[in-house]
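Numbering (this note's numbering), first residue to last: 122 to 259.
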Ligand SMILES: [Zn+2]
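Structure follows, in structure tokens:
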């Protein structure tokens, strides 16, 4: 048992090359699951080809758009319910409903999709890292 007191060097905010981030942090901030650099996304929901810092190939993680359909359904239900409640309780004009819900929908979809895709990629990376490559099986 050595002294582990120096392990907690404040690497919470700037995690460049400081090791793997937690899955939650990586998903929320779009961090590379291997080196923790902020390289996972090139657009709001588009993954980069590979990590610009450590070269991890993001394209090899086949996350796909599986979560998109489910998320759209769930968010759609929530937003329709919200609009219905607002309509019944406050009876706002139709344009006000549009002004409220169009941006809310857009932001919610982008945010949820980004989070889900990043979380899947990070989990896939961690599984692969733990179990190793399964290939060349006789
Ligand atoms: Zn990286």
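The beta-carbon is built from N, C-alpha and C at its ideal position, and this holds for glycine as well.
Quick caveat: nothing in here was measured; it's all calculated off a predicted structure.
| task | Return helix, strand or coil for residue 173, following the three-state DSSP convention. | result | As a first step, residue 173 is located in the chain shown; it is residue number 52 there, counting from the start. Residue 173 falls in the coil class under three-state DSSP.
| Looking at residue 201 and ligand 1, is the gap between the Cβ and the nearest heavy atom below 7 Å? | Along the chain shown, one-based indexing puts residue 201 at 80. Here the distance from the Cβ of residue 201 to the nearest heavy atom of ligand 1 is not below 7 Å.
| query | Can you name the residues that DSSP bridges to residue 168? | reply | Here residue 168 corresponds to residue number 47 of the chain shown, with the count starting at 1. Residue pairing from DSSP places residue 168 in a beta bridge opposite 162.
| said: The alpha helix (DSSP H) that contains residue 154, what's its start and end? | reply: By 1-based counting over the chain shown, the position of residue 154 is 33. Here residue 154 belongs to no alpha helix (DSSP H), and DSSP marks it neither H nor E.
| Taking the runs of the beta strand (DSSP E) that are 3 residues or longer, which of them lie wholly in the region 198-242? | Annotation: the region 198-242 contains no complete segment of the beta strand (DSSP E) (minimum length 3 residues).
| query | Is the beta carbon of residue 177 sitting closer than 8 Å to the one on residue 159? | reply | Residue mapping note: residue 177 aligns to position 56 of the chain shown, counting from 1. Residue mapping note: residue 159 aligns to position 38 of the chain shown, counting from 1. 8 Å or more divides the Cβ of residue 177 from the Cβ of residue 159.
| task | Classify residue 148 as buried or exposed, calling it buried when 16 or more other Cβ atoms lie within 10 Å of its own Cβ. | result | Reading the chain shown from its first residue, position 27 is the one you call residue 148. Buried is the label assigned to residue 148, since at least 16 other Cβ atoms lie within 10 Å of its Cβ.
| said: Counting beta carbon pairs with one atom in the region 202-214 and one in the region 228-248, are three or more of them shorter than 8 Å? | reply: No: fewer than three Cβ pairs fall under 8 Å.
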